[in-house]
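Visitor:
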Amino acid sequence: MFHLLWLVPALPFAGAAILMLFGPRMSRRPAAWIGCGSIGVSAAISILIAWRFLAQPPAGGSYTQQLWTWMSVAGFQPGIAFYLDALSLVMMLVVTFVSFFIHLYSVEYMGDDEGFSRFFAYMNLFVASMIVLVLGDNLLFLYLGWEGVGLCSYLLIGFWYTDPKNGLAAQKAFIVTRVGDTAMALGLFLLFHQLGTITIQPLMQAAQQHWAGGSPYATAAGLLLLGGACGKSAQLPLQTWLPDAMAGPTPTSALIHAATMVTAGVYLIARTHVLYSLSPVAQTAVTVVGLATLLVAGFAALTQDDIKRILAYSTISQIGYMFFGLGVGAWTAAIFHFMTHAFFKALLFLASGMVITSMHHEQNIFKMGGLRKELPLAYWAFVIGGCSLAGVPLVTAGFYSKGLILWGALSSPRGSETLWALGVFGVFLTALYTFRLIFIVFHGPCHHKPSQKTGMTMGVPVIVLCVLSLVGGFVNLPAWLGGHPWFVNFLGAALPATAEGHPAFGELASEGLVSLALAIGLVAAWYFFLKRRELSEWLASTGLGRLLHRWWYNDWGMDWLYDRLFVRPVGWFARANKGDAVDLVYDGAAAVTRLGWRALRTTETGRVRWYAAGLLVGTVIFVMILALL
Amino acid sequence: MFALGLIGLLVRRNLLFILMSIEVMLNAAGLAFVAAGARWGQADGQVMFLFILAVAAAEVAVGLALLLRLYHRFQSLDADAADEMRG
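As you go down the protein sequences, you meet chains A and P in turn. With the first letter of the first sequence counted as 1, position 504 gets the number 504 in this note's numbering; the numbers rise by one all the way through. With the first letter of the second sequence counted as 1, position 86 gets the number 86 in this note's numbering; the numbers rise by one all the way through.
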């Protein structure tokens, strides 16, 4: 069964190739069948492999499929090889499963678009790259998938390329993530140079053997890989590209910029967790980045008025939670949150796609309102997804995963009460912005009558993701509920368990306080944005309120700062150097040659007799020189 | 005789005379070879003259063909009229 593993990335890749070559001459129906079918079969194979993995785990808890050697240069032999263990199995399952439903949704959502087959070609290519990323057995192969998803992200953000704004957003995403990718490439060079291999498992063993705890190499490698993860996962300080990436079609935002690609950084850090365990500095950096991002993005989400931008900031904030979990050593909790986040965030994006379609592509939430009765399915999807995002206790998936991260932040030796409290404050923010969105869009007075109704092809994926957002957390029922932490135990084969420290209070108390923060956020959102809307407007119109609103609305001025710090100096330099200083050397050589030409051209009279005379004089001079010597 | 040919080449503007001057110069060189061969009793001089004869024949063939083309083009045999290629 495991030998079918190569088909999981190969099928979407084949689908992308067929759609790219023959897509333009294909009608919509076969294009949709190829686009969805390849992912569907690949998801089915993933499920078969997962079933086999659970029934009969391979020896050593992992399975490697070596297809061939990529290249062989002086001891450097990266293979085209897939590595399957508990961690990559979870990633692969979630990616293929969520992708399949989003593809299904796109068949209807993109139904009238001119670039229908092009869209599916890019999406299939994305899924293939993403699976290569999570299954890659060595860091170079992983990097291939890493850049592949970056390319697809660029192509899909700029999918509607006739609007220059979308093209600019795509370029921004590509360039900003490139900053992180450069750091990551440097990290790979460092690891190969120091440890002589790039295959992940031997590399991790070598790191453990050769590097002592706190070794500067481990710190440097960890920080460089963190740089790559920050770029891809839109963490501070490279988060600015993700809100603009919402220019792409909504299914793209759901798949790439919420559920899968942006969590690649989390996967990378979890995969190379040995480096972070060796280097407390790098791991602390992960904690700080995660915590800062989750708070910054939470505040920014509070002030946005574009429905997709709110969700984008909430994605940044939730990935911040995952980084936070990785940083405090709650590895399994972070991956758990990745899984539940993939479900509920994909759900929220798909539901927002329904809202946007029926509102004639209006994305401003203040122009919506009272849509509860008109769009019941989207409303309930938003309620379920929003509750899961905020972490409503007991019934939603988000509650269990976020609770586990926060419990890790309190109980692990790397955590502390302060970290925990800041994380809980993040829960309050999450509840506030989530329910602000729901109350403004679906409650209150109705401004616009929605027109279009959405069909079953869009409805089914939304319903499936609703169910998953509710029950997805039950795979890891905590002990205080009398459950069994099955998911954490399963991942325990690939990731170290969360260390036990001396928490100030128990898990039940922690969960209770988290729920309290959530309840406060919910009530505050209800009071300020539904019951007494004028109160929030008054708050935003005071001097300080206006200042903060503007500051947060513009993403804490990060774009402004980068514009001043990088974009403008580079632009100024480019303008100043329009003549290209280096070219002066070559221009000088050309000028000297031209001068010589001017001098010599006077001798070219075109008169044969002058040439003959010249020959004579030359010969005479030559003979004289010979005679004199 | 070589100098006579050279002067002819430099002062005459008629292409036909220039060609004839070149012939004179080639013959002068050939005569010098023959004379030198006779002086030092070696056959090389005469071999060389045969070469020069062949070269002169080829030169005249090409030269006359060029001359015809130039006459067609410029309606004149003046060498200085064909100075269109001046730099």
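For glycine and all other residues, C-beta sits at the position ideal for the given N, C-alpha and C.
Determine the chain A residues that contact P:L68 at a beta-carbon separation under 8 Å, and present them in chain order.
Guide: Within the second sequence, residue 68 of chain P is the residue found at index 68, counting from 1. Chain A residues near P:L68: none, gap ~16 Å exceeds 8 Å.
Visitor: For A:G472, which residues does DSSP report across the bridge?
Guide: Sequence index remark: in the first sequence, residue 472 of chain A carries index 472 (1-based). None; A:G472 has no bridge partner.
Visitor: In this structure, does DSSP put A:D163 in helix, strand or coil?
Guide: As a working mapping, residue 163 of chain A is identified with position 163 in the first sequence. A:D163 falls in the coil class under three-state DSSP.
Visitor: Going by beta carbon distance, what residues of the same chain come within less than 6 Å of A:T252, once the five residues before and after it are set aside?
Guide: As a working mapping, residue 252 of chain A is identified with position 252 in the first sequence. The residues are L156.
Visitor: Contact criterion: CB-CB distance below 8 Å. Does P:E23 meet it with respect to chain A?
Guide: Along the second sequence, one-based indexing puts residue 23 of chain P at 23. For P:E23, the answer is no, since every Cβ of chain A falls outside 8 Å of its Cβ.
Visitor: Go to A:A390, then tell me how far its beta strand (DSSP E) extends in each direction, as first and last residue.
Guide: Position 390 of the first sequence, counted from the first residue, corresponds to residue 390 of chain A. Here A:A390 belongs to no beta strand (DSSP E); instead the alpha helix (DSSP H) covers 376-390.
Visitor: Using a Cβ cut-off of 8 Å (strictly closer), state whether P:E84 contacts chain A.
Guide: For the purposes of this step, residue 84 of chain P is identified with residue 84 of the second sequence, where counting begins at 1. Answer yes: the Cβ-Cβ gap between P:E84 and chain A drops below 8 Å somewhere.
Visitor: So A:T619 contacts chain P; which residues on that side make the cut at Cβ distance below 7 Å?
Guide: Numbered from 1 along the first sequence, position 619 holds the residue referred to as residue 619 of chain A. Per Cβ cutoff of 7 Å: no residues; A:T619 is ~10 Å from chain P at best.
Visitor: Tell me whether A:T69 sits in a helix, a strand or coil according to DSSP, three-state version.
Guide: One-based indexing of the first sequence puts residue 69 of chain A at position 69. Of the three classes helix, strand and coil, the one that applies to A:T69 here is strand, per DSSP.
Visitor: Is P:L10 close to chain A, meaning its C-beta is less than 8 Å from at least one C-beta of that chain?
Guide: Looking up residue 10 of chain P in the second sequence gives position 10. True, the Cβ-Cβ gap to chain A drops below 8 Å.
Visitor: If we ignore side chains and look at the alpha-carbon of each, how far apart do A:I49 and A:G61 end up?
Guide: Here residue 49 of chain A corresponds to residue number 49 of the first sequence, with the count starting at 1. Here residue 61 of chain A corresponds to residue number 61 of the first sequence, with the count starting at 1. Taking the straight line from one Cα to the other gives about 13 Å.
Visitor: Which residues, in chain order, does the segment 587-599 of chain A contribute to contact with chain P at a C-beta distance below 7 Å?
Guide: Going along the segment 587-599 of chain A in chain order, one finds no residue with a Cβ nearer than 7 Å to chain P.
Visitor: Using 8 Å for Cβ pairs, my map puts A:F120 next to A:G35. What's the rounded Cβ distance?
Guide: In the first sequence, the residue the question calls residue 120 of chain A occupies position 120. In the first sequence, the residue the question calls residue 35 of chain A occupies position 35. Contact flag correct, Cβ pair sits at about 3 Å.
Visitor: Does A:V73 have its Cβ less than 8 Å from a Cβ in chain P?
Guide: In the first sequence, counting from the first residue as 1, residue 73 of chain A sits at position 73. No, its Cβ sits nowhere closer than 8 Å to a Cβ of chain P.
Visitor: With three or more C-beta pairs closer than 8 Å as the rule, is the segment 487-501 of chain A touching the segment 77-95 of chain A?
Guide: Cβ pair count under 8 Å is three or more, so yes.
Visitor: Run down chain A in chain order and give the residues with a C-beta less than 7 Å from the C-beta of P:D80.
Guide: Along the second sequence, read from residue 1 onward, the residue named residue 80 of chain P stands at position 80. In chain order: R607.
Visitor: Might you give, ordered along the chain, the residues of its own chain that have their beta carbon closer than 7 Å to the beta carbon of A:L240, omitting 5 neighbours on each side?
Guide: Indexing the first sequence from 1 puts residue 240 of chain A at position 240. In the sequence as displayed, the identity of residue 240 of chain A is Thr instead of Leu. Once the five neighbours on either side are set aside, the close Cβ partners of A:T240 are V176, D555, M558, D559, Y562.
Visitor: Among A:P569, A:V467, A:A81, A:E534, which residue has its Cα nearest to the Cα of A:L347?
Guide: Within the first sequence, numbered from 1, the residue matching residue 347 of chain A stands at position 347. Checking every option, the nearest Cα to that of A:L347 belongs to A:V467.
Visitor: Can you check which of these residues, A:F2, A:F116, A:G148, is closest to A:R29 by C-alpha distance?
Guide: Sequence index remark: in the first sequence, residue 29 of chain A carries index 29 (1-based). For the residues A:F2, A:F116, A:G148, the minimum Cα distance to A:R29 belongs to A:F116.
Visitor: A:F174 to A:V149, Cα distance in whole Å?
Guide: The residue labelled residue 174 of chain A in the question sits at position 174 within the first sequence. The residue labelled residue 149 of chain A in the question sits at position 149 within the first sequence. Taking the straight line from one Cα to the other gives about 11 Å.
Visitor: If you draw a straight line from the C-alpha of A:A342 to the C-alpha of A:M130, how long is it?
Guide: Numbered from 1 along the first sequence, position 342 holds the residue referred to as residue 342 of chain A. Numbered from 1 along the first sequence, position 130 holds the residue referred to as residue 130 of chain A. So the alpha carbons of these two residues sit roughly 14 Å apart.
Visitor: Quick one: is A:K627 near chain P, going by C-beta distance under 8 Å?
Guide: Here residue 627 of chain A refers to the residue found at position 627 of the first sequence. Correcting the residue type first, residue 627 of chain A is Ala in the shown sequence and not Lys. So, not an interface residue.
Visitor: Are A:F473 and A:S416 closer than 8 Å when you measure CB to CB?
Guide: Counted from its first residue, the first sequence places residue 473 of chain A at position 473. Counted from its first residue, the first sequence places residue 416 of chain A at position 416. The residue asked about is misnamed: residue 473 of chain A is Gly in this sequence, not Phe. Contact: no.
Visitor: So for A:T182, helix, strand or coil by DSSP?
Guide: The residue you call residue 182 of chain A lines up with position 182 of the first sequence. DSSP places A:T182 in helix when its eight states are reduced to three.
Visitor: Which whole-angstrom value is the C-beta distance of A:M204 and A:T272, which I expect to be below 8 Å?
Guide: Counting from 1 along the first sequence, the entry for residue 204 of chain A is found at position 204. Counting from 1 along the first sequence, the entry for residue 272 of chain A is found at position 272. Right, their Cβ atoms sit about 7 Å apart.
Visitor: With distances taken from CA atoms, which of A:K373, A:F529, A:W552 is nearest A:Y313?
Guide: Here residue 313 of chain A refers to the residue found at position 313 when the first sequence is read from its first residue. Per the Cα distances, A:W552.
Visitor: Closer than 8 Å is the cut-off here; do at least three beta carbon pairs connect the segment 314-334 of chain A with the segment 396-410 of chain A?
Guide: A contact exists between the segment 314-334 of chain A and the segment 396-410 of chain A.
Visitor: Bridge partners for A:F76 per DSSP, in chain order?
Guide: By one-based count along the first sequence, residue 76 of chain A stands at place 76. In DSSP, A:F76 forms a bridge with A:V73.
Visitor: Give a yes or no on contact between the segment 194-213 of chain A and the segment 592-609 of chain A, applying the rule of three or more CB pairs nearer than 8 Å.
Guide: With the cut-off at 8 Å, the segment 194-213 of chain A and the segment 592-609 of chain A do not touch.
Visitor: Report the residue from A:V73, A:A499, A:G23, A:L144 whose alpha carbon sits nearest the alpha carbon of A:A81.
Guide: Within the first sequence, numbered from 1, the residue matching residue 81 of chain A stands at position 81. With distances taken between Cα atoms, A:A81 lies closest to A:L144.
Visitor: Helix, strand or coil: which one does DSSP assign to A:G136?
Guide: Counting from one through the first sequence, the residue named residue 136 of chain A turns up at place 136. A:G136 falls in the strand class under three-state DSSP.
Visitor: In terms of residues, what are the limits of the alpha helix (DSSP H) holding A:T332?
Guide: Your numbering for residue 332 of chain A matches position 332 in the first sequence. 331-358 is the span of the alpha helix (DSSP H), which, as asked, contains A:T332.
Visitor: From the beta carbon of P:L6, is the nearest beta carbon of chain A less than 8 Å away?
Guide: Your numbering for residue 6 of chain P matches position 6 in the second sequence. Taking Cβ atoms only, chain A reaches closer than 8 Å to P:L6, which makes this a yes.
Visitor: Kindly identify the DSSP beta-bridge partner or partners of A:F82.
Guide: Residue numbering aside, residue 82 of chain A sits at position 82 when the first sequence is read from its first letter. Per DSSP, A:Q65, A:G136.
Visitor: Among the candidates A:L151, A:V179, A:Q65, whose CA atom is the shortest distance from the CA of A:F566?
Guide: As a first step, residue 566 of chain A is located in the first sequence; it is residue number 566 there, counting from the start. Per the Cα distances, A:V179.
Visitor: What is the DSSP secondary structure of A:N554, counted as helix, strand or coil?
Guide: By one-based count along the first sequence, residue 554 of chain A stands at place 554. A:N554: coil per DSSP, three-state reduction.
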